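Residue numbers (this note's numbering), protein chains in the order written: chain B, 1 to 568; chain U, 1 to 85.
Set out below in structure tokens:
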């Protein structure tokens, strides 16, 4: 494998240049070389003594990670970089492998530099070693991706050519970890190879990052949609003006979030699309265009199956992604979803097949189907049939208990984000007339109105056959947007939906809607109105009477009518 | 304090859209993340935001103690009531 020389990798102008801001203070390039020489010498000794050829590295602090990473690249044969240090990961690393950094309940080689260590040793002259990253394969088993340092640097160079002048003299701050390829490239390798400092810790909150972006101005934020989409207006956003660029990767950023960040910080987030297998593929800045533009040197083709095929200087051969694509004239493209059963939740790649397999392997579930549900956030939902012992638990201990058991057993093998949130246990899987289980059929089992679609309840009172619900029409209801611009009103069909939603508890079991009678809309319902909904259920006729009144204004009626049901 | 504990349980269920869980299902001194209720890192983010909005308190995620405040409903209640005082 090709070697990378020390001089080719680190581009700091002189020994005084700052490499990193760490908990130990500023680290100059001279200090970095000393530290690296020291750690590399120690590690080499340990590796020679143990006879290990491969190492696995997990470390939260990016500066310490860099010392261990480059030391390992100079003397080990394989460097494994796992996404986390969970038990499942640890189980998958063989015993011969030397652990570097922070590992739970396991001895490991750590950075331990004495205050005034002697400086007459020099850092490694070259780095080669194979880098091994993991990603979730379509089968659900972690899939190995082998990279060389050359490949990673080739990509960094392409980024450097695309946005060179903006970044000169900036400090890099990140809310993503270097244990993933995006962080490894953008938070660590790019700053090092263009001689820019980085902040060693990974920020967990945006407020802290904004404060420091000002302190180290001008600065760059290496972000992901998870943080960019969660904002509080009281955070010091005005300090975000010190940011020259904001990168986002790991998953698509919503246009609304891109706009909000631009309004708050004055910087339009620049999104990078890529994967562990392929590295970076394309970029976009949604404020100016929604399609993706291939990175410098990347060539894309649409395969006969409609999938995206990529070749680039940082890929040894062409790679076919499992993303469906439409390529436009001029070379930009649009992504149209995945072709396999891998989904991305909060930037984490999750295999639905793996979750189903794990559930069916356990003792409580016979057959399981998983699907992605988008409510407040995207989560995984499960429809399952139970085994006898699963059914027993459900009957004796309740649904909450059974779900907890199932989630606990899954949590040993999958990331927290992948743990299903919604569960439906059925006697039989619903099928269509062709005997197929479709996503639509399964979705119907979860078909309750999302909380955001229901108005704010002030008071509610139900008897056996009647009910009263008092609510206010809050102006953030999704039904008001665009209906109509400037003068929003609650659409009539939404009022019917609310009558159905609140009236559901009065209905007999297994009632299905058949038709409506005497529906009247008399007055516009507008945001800020305080409304009372009166419901009355006629058992004999199987009909639900409803009327919406203004709760303040002499009880003016907005609408009324009858929803009729048939019994099956 | 017990009022605040109940309030926080309801908040957790509402903010995180937890299905099939009632306030009684949440044990006040049981761990919220990992084992126990099994919340994830995104829940931590969402919960942090909701607390900051509802109680107008500031949460310093860089502070080492913050993690211990988020250990259970009880510790969270203590943190909220101390921060408001």
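Even for Gly, the Cβ is constructed at its ideal location relative to N, Cα and C.
The structure presented is a predicted model; accordingly, all values stated were derived computationally and were not measured.
Burial state of residue i, where buried means 16 or more other Cβ atoms lie within 10 Å
{"i": "residue 484 of chain B", "result": "exposed"}
{"i": "residue 513 of chain B", "result": "exposed"}
{"i": "residue 460 of chain B", "result": "exposed"}
{"i": "residue 23 of chain B", "result": "exposed"}
{"i": "residue 312 of chain B", "result": "buried"}
{"i": "residue 106 of chain B", "result": "exposed"}
{"i": "residue 476 of chain B", "result": "exposed"}
{"i": "residue 525 of chain B", "result": "buried"}
{"i": "residue 179 of chain B", "result": "buried"}
{"i": "residue 213 of chain B", "result": "buried"}
{"i": "residue 553 of chain B", "result": "exposed"}
Chain U within 7 angstroms of residue i, Cβ atoms only
{"i": "residue 417 of chain B", "result": "yes"}
{"i": "residue 375 of chain B", "result": "yes"}
{"i": "residue 229 of chain B", "result": "no"}
{"i": "residue 232 of chain B", "result": "yes"}
{"i": "residue 238 of chain B", "result": "no"}
{"i": "residue 407 of chain B", "result": "yes"}
{"i": "residue 400 of chain B", "result": "yes"}
{"i": "residue 422 of chain B", "result": "yes"}
{"i": "residue 346 of chain B", "result": "yes"}
{"i": "residue 403 of chain B", "result": "yes"}
Spatially closest choice to residue i from the options, by CA coordinates
{"i": "residue 64 of chain U", "options": "B:163, B:96 and B:204", "result": "B:204"}
{"i": "residue 357 of chain B", "options": "B:370, B:521 and B:345", "result": "B:370"}
{"i": "residue 511 of chain B", "options": "B:349, B:566 and B:535", "result": "B:566"}
{"i": "residue 390 of chain B", "options": "B:416, B:413 and B:426", "result": "B:426"}
{"i": "residue 36 of chain U", "options": "U:79, U:45, U:25 and U:82", "result": "U:25"}
{"i": "residue 76 of chain B", "options": "B:55, B:534 and B:212", "result": "B:55"}
{"i": "residue 245 of chain B", "options": "B:398, B:271 and B:251", "result": "B:271"}
{"i": "residue 414 of chain B", "options": "U:38, U:12 and U:23", "result": "U:38"}
{"i": "residue 130 of chain B", "options": "B:223, B:186, B:6 and B:70", "result": "B:70"}
{"i": "residue 168 of chain B", "options": "B:147, B:193, B:151 and B:420", "result": "B:193"}
{"i": "residue 46 of chain U", "options": "U:5, U:1 and U:11", "result": "U:11"}
{"i": "residue 379 of chain B", "options": "B:101, B:344 and B:242", "result": "B:344"}
{"i": "residue 163 of chain B", "options": "B:295, B:462 and B:529", "result": "B:295"}
{"i": "residue 625 of chain B", "options": "B:289, B:559 and B:152", "result": "Absent from the structure is residue 625 of chain B, since the part of chain B shown begins at 1 and ends at 568."}
{"i": "residue 412 of chain B", "options": "B:86, B:431, B:444 and B:27", "result": "B:86"}
{"i": "residue 443 of chain B", "options": "B:455, B:422 and B:457", "result": "B:422"}
{"i": "residue 558 of chain B", "options": "B:540, B:275 and B:493", "result": "B:493"}
{"i": "residue 232 of chain B", "options": "B:216, B:251, B:261 and B:223", "result": "B:261"}
{"i": "residue 238 of chain B", "options": "B:463, B:393, B:61 and B:209", "result": "B:209"}
Any chain B beta carbon closer than 7 angstroms to residue i
{"i": "residue 6 of chain U", "result": "no"}
{"i": "residue 47 of chain U", "result": "no"}
{"i": "residue 25 of chain U", "result": "yes"}
{"i": "residue 63 of chain U", "result": "no"}
{"i": "residue 57 of chain U", "result": "no"}
{"i": "residue 19 of chain U", "result": "yes"}
{"i": "residue 13 of chain U", "result": "no"}
{"i": "residue 29 of chain U", "result": "no"}
{"i": "residue 40 of chain U", "result": "yes"}
For residue i, the first and last residue of its enclosing alpha helix (DSSP H)
{"i": "residue 156 of chain B", "result": "149–162"}
{"i": "residue 394 of chain B", "result": "388–397"}
{"i": "residue 211 of chain B", "result": "206–215"}
{"i": "residue 443 of chain B", "result": "439–444"}
{"i": "residue 59 of chain B", "result": "Unbroken run through residue 59 of chain B: none, as it is neither H nor E."}
Contacting residues, own chain, Cβ-Cβ under 8 angstroms from residue i (five flanking each side not counted)
{"i": "residue 324 of chain B", "result": "306, 307, 308, 335, 336, 337, 338 and 339"}
{"i": "residue 466 of chain B", "result": "506, 534, 535, 536 and 537"}
{"i": "residue 68 of chain U", "result": "75"}
{"i": "residue 13 of chain U", "result": "21, 22, 23 and 26"}
{"i": "residue 3 of chain B", "result": "126, 127 and 128"}
{"i": "residue 278 of chain B", "result": "310, 312, 315, 319 and 321"}
{"i": "residue 516 of chain B", "result": "496, 561, 562, 563 and 564"}
Own chain partners of residue i with C-beta closer than 6 angstroms, once the 5 adjacent residues on each side are dropped
{"i": "residue 550 of chain B", "result": "556"}
{"i": "residue 469 of chain B", "result": "460, 502 and 533"}
{"i": "residue 83 of chain U", "result": "57"}
{"i": "residue 498 of chain B", "result": "none"}
{"i": "residue 72 of chain B", "result": "55 and 79"}
Cβ shell of residue i (< 7 angstroms), same chain only, five flanking positions each side left out
{"i": "residue 170 of chain B", "result": "196, 218, 219, 220 and 244"}
Where the beta strand (DSSP E) through residue i begins and ends
{"i": "residue 550 of chain B", "result": "543–550"}
{"i": "residue 187 of chain B", "result": "Residue 187 of chain B -> no beta strand (DSSP E), and no H or E assigned at all."}
{"i": "residue 323 of chain B", "result": "319–327"}
{"i": "residue 308 of chain B", "result": "307–311"}
{"i": "residue 77 of chain U", "result": "Not the beta strand (DSSP E): residue 77 of chain U falls in the alpha helix (DSSP H), residues 73–84."}
{"i": "residue 372 of chain B", "result": "365–374"}
{"i": "residue 244 of chain B", "result": "243–249"}
Beta-carbon neighbours of residue i, restricted to chain D and to distances below 9 angstroms
{"i": "residue 534 of chain B", "result": "No chain D is present in this structure, whose protein chains are B and U."}
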